[in-house]
Structures are given as structure tokens and as C-alpha cells.
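Numbering (full-length UniProt numbering), first residue to last: 1 to 351.
Accompanying notes for the structure given below.
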């Protein structure tokens, strides 16, 4: 998106902006260059008068930059998605007073790749502080010469136009807040569903634990019975050993039968132990799934808090803008209108 170049005072880059489907490059852009300066440079380069807005597009989301915003700062906030950001210059309407350009002034071709350069000027360290204190300006410009009487008349027109654009900006903020409220409801429903799933998984884990305890109790009972049977077998074998001389064949048959019974009991014990192992594995898998769902639930909670924070910030910003609009002087001689929230107006002309 940007190409760096060395400059002694600050980092200077090239900003690529799409104008009517054509990619144009604005040179000399620094982290202190405002959207207003970028729009002026592009308007001078394409040689068209009118009102313009600079749009920042990230994938399917678009945001209109304010006149005092710095495109590079806005780009830096995108982090790892900075390469996917596109800046688009959009003409929203004609200028307040159209001036035909001179015949001797060459205009850039419509389908060529040109570069528009900004003047590189050093800025003091306290530029941002001074800029925040000075009155906000609209994005309405006239790049050609004009008399003092024309400036006064156009300043009066710009004041009314700025107020209309401010109203449009506030309506845009309201629509954006409604969209974010819809997203918040969606995430709340997702969170509710995840909580229900977690409750069901916890119930399943409790059921598995109860089943495991039941099988453990059965194994303990079978082990006790097996020990009792072994003792009885030993006693029986001891008793029949004394009778072995009298009836050896009968004793051998009885011993074989008892061995078979013992083998059957041993097989049953092995089957129960295998069932216990299977239940233990199922319990471990259920616990792992529960941990994964807990992590996912935490991530959803973080996203919900972030969404609430963004909504709060945007609502606070809209309130401050409305308050500033109400404090504007009512006299028509005021030449410094409030900042346009969604659009930037420019008048450009050549003599």
C-alpha cells in the first residue's frame, strides 16, 4: 500500500488512492499529513472541481475519513490488515461556484497512472496539539484564485453546506450504531447458545462421573466376591484333599468344575475392568471438550466487551459532534465551519 523514502524530518511515504477506478499515487505523505491535504493534492492533479470525500475500505467495510484525520495513522491502526486497506476518492457533487479551467492548462488523461505530490514541509513537535486546539475546517476548497468578495460569499454558502453535511454525518452515525446494536444482539444470542451447550456438557460430564462411580462400586463388589470365592475354593480343595484317596476321580471332576467357575468369574472381572477403562477415556475426552468450549466462551466474552467498547466510543463521539454543532455562531460572517463527519468538500479551479 505504501512505499517509504528517506526524509530528514519525518518518515515520508507514497499513498495509493483509487480515483474513478484508476490508482493514483500521492507522494510526500507523512504521518502528520491530513486527509484534507491529500484530497487537495488529488483534486489539483485530476483538474476537476467539486466536493470530495476520502473513503478507507477494508474488505467489505468502508469508513469515511474526517478532514483532520491522518491516513497513515488510520492505516497503522489496521495492524496486520494494512495491506488490505484501500483509499478511495469519491466525488459527491459539484462545487459551490464552478470556475472553468484555462485552455492553456493541461489536464491529466482519465485512464493514465499519474502521481500527485504533496509539498514536504517540516512540522514542529507540537503540531498535533496545536491542530487539536484550532477550529475544525470543512473539506470545501477553491484551488484557483478568487477575490475577497467571492471568498466572503462562498464562505456563507459553505457554512450552510457544512451544517447539512454534519446532519448527514450524524444520520450515518445513527445507522452505524443501529448496525452495531444488531451485531451485539447476535453475539449475545451466540453467547447464550454457548452457555446452554456448556450446561449440557457439564451435565453429561456429571452423568459420566456417576456412571464411572457406579462401575467402580460394581468392580469393588465383584473383587470382594472373587476373594470370597477363592477362599471357599481353597477350603473346598483342602477338604477334598483329605478325601482324595477314597474318591480321586470325583475330586478331580469337582476341581475341574471349580476351575471353570473361577475362569468364568475372572473373565467377568476382566470385562468389567475393560468397561471401566472405556468410561475413563470417555470422561477424559468430555473434559477436554469442556475446556475447549470454555476457551471459546472466553473469546466470545472478549469480543462482546470489545463490541460494547467500540459502541460506547462511537456514541460518545457523536454526542460531542452534536454539541459542537449547537455552539456554532449564527452569523453568516463566520468563515470557520464545523468539521464534516462523513464528507470533505473541495473547490478546485485553474486560471
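From the three backbone atoms N, C-alpha and C, an ideal C-beta is built for every residue, glycine too.
All figures in this text were calculated on a predicted structure; none of them were measured in a lab.
Can you tell which of the options has the C-alpha that lies nearest to the C-alpha of residue i?
{"i": "residue 291", "options": "202, 308, 242, 29", "result": "202"}
{"i": "residue 67", "options": "49, 241, 40", "result": "40"}
{"i": "residue 33", "options": "185, 50, 13", "result": "13"}
{"i": "residue 59", "options": "83, 51, 234", "result": "83"}
{"i": "residue 217", "options": "309, 273, 31", "result": "273"}
{"i": "residue 266", "options": "91, 226, 289", "result": "226"}
{"i": "residue 233", "options": "260, 176, 222, 215", "result": "260"}
{"i": "residue 314", "options": "172, 221, 215, 295", "result": "172"}
{"i": "residue 293", "options": "192, 210, 76", "result": "192"}
{"i": "residue 230", "options": "72, 174, 264, 77", "result": "264"}
Classify residue i as buried or exposed, calling it buried when 16 or more other Cβ atoms lie within 10 Å of its own Cβ.
{"i": "residue 94", "result": "exposed"}
{"i": "residue 189", "result": "exposed"}
{"i": "residue 15", "result": "buried"}
{"i": "residue 316", "result": "exposed"}
{"i": "residue 224", "result": "exposed"}
{"i": "residue 253", "result": "exposed"}
{"i": "residue 181", "result": "exposed"}
{"i": "residue 228", "result": "exposed"}
{"i": "residue 54", "result": "buried"}
{"i": "residue 116", "result": "The predicted model places residue 116 with a pLDDT of 46, which falls under 50 and marks its position as unreliable, so this point remains unresolved."}
{"i": "residue 72", "result": "buried"}
{"i": "residue 132", "result": "Residue confidence for residue 132 is low, a pLDDT of 40 falling below 50, so the modelled location carries little weight; the figure read from the coordinates is stated next. It is exposed - the Cβ of residue 132 has fewer than 16 other Cβ atoms within 10 Å."}
Looking only at its own chain, which residues have a Cβ that is under 8 Å from the Cβ of residue i, when we skip the five neighbours before and after it?
{"i": "residue 18", "result": "24, 86, 87, 88, 89"}
{"i": "residue 187", "result": "300, 303, 304, 307"}
{"i": "residue 195", "result": "297"}
{"i": "residue 236", "result": "254, 258"}
{"i": "residue 286", "result": "201, 204, 205, 208"}
{"i": "residue 183", "result": "307"}
Roughly how many angstroms separate the alpha carbons of residue i and residue j, rounded to a whole number?
{"i": "residue 238", "j": "residue 262", "result": "16 Å"}
{"i": "residue 20", "j": "residue 52", "result": "12 Å"}
{"i": "residue 44", "j": "residue 311", "result": "37 Å"}
{"i": "residue 277", "j": "residue 271", "result": "10 Å"}
{"i": "residue 279", "j": "residue 212", "result": "6 Å"}
{"i": "residue 50", "j": "residue 42", "result": "12 Å"}
{"i": "residue 197", "j": "residue 289", "result": "11 Å"}
{"i": "residue 268", "j": "residue 275", "result": "11 Å"}
{"i": "residue 164", "j": "residue 70", "result": "24 Å"}
{"i": "residue 214", "j": "residue 222", "result": "12 Å"}
{"i": "residue 35", "j": "residue 282", "result": "60 Å"}
{"i": "residue 166", "j": "residue 61", "result": "21 Å"}
{"i": "residue 177", "j": "residue 295", "result": "29 Å"}
{"i": "residue 92", "j": "residue 170", "result": "17 Å"}
{"i": "residue 210", "j": "residue 220", "result": "15 Å"}
{"i": "residue 31", "j": "residue 76", "result": "9 Å"}
{"i": "residue 80", "j": "residue 29", "result": "20 Å"}
{"i": "residue 175", "j": "residue 168", "result": "11 Å"}
{"i": "residue 26", "j": "residue 284", "result": "60 Å"}
{"i": "residue 135", "j": "residue 309", "result": "Reliability of the predicted coordinates at residue 135 is poor, the pLDDT of 37 falling under 50, and no value is obtained from them."}
{"i": "residue 179", "j": "residue 199", "result": "30 Å"}
Excluding the five sequence neighbours on either side, which residues of its own chain have a C-beta within less than 7 Å of the C-beta of residue i, listed in chain order?
{"i": "residue 74", "result": "56, 65"}
{"i": "residue 78", "result": "58, 85"}
{"i": "residue 185", "result": "none"}
How about residue i: is its C-beta nearer than 9 Å to some C-beta of chain D?
{"i": "residue 277", "result": "Reference to chain D is not applicable here, since this structure consists of a single protein chain."}
Once the 5 residues before and after residue i are set aside, which same chain residues still bring their CB inside 6 Å of it?
{"i": "residue 63", "result": "56"}
Any chance the CB of residue i is under 8 Å from a heavy atom of the ligand GTP?
{"i": "residue 223", "result": "This structure does not include the ligand GTP; it has no bound ligands of any sort."}
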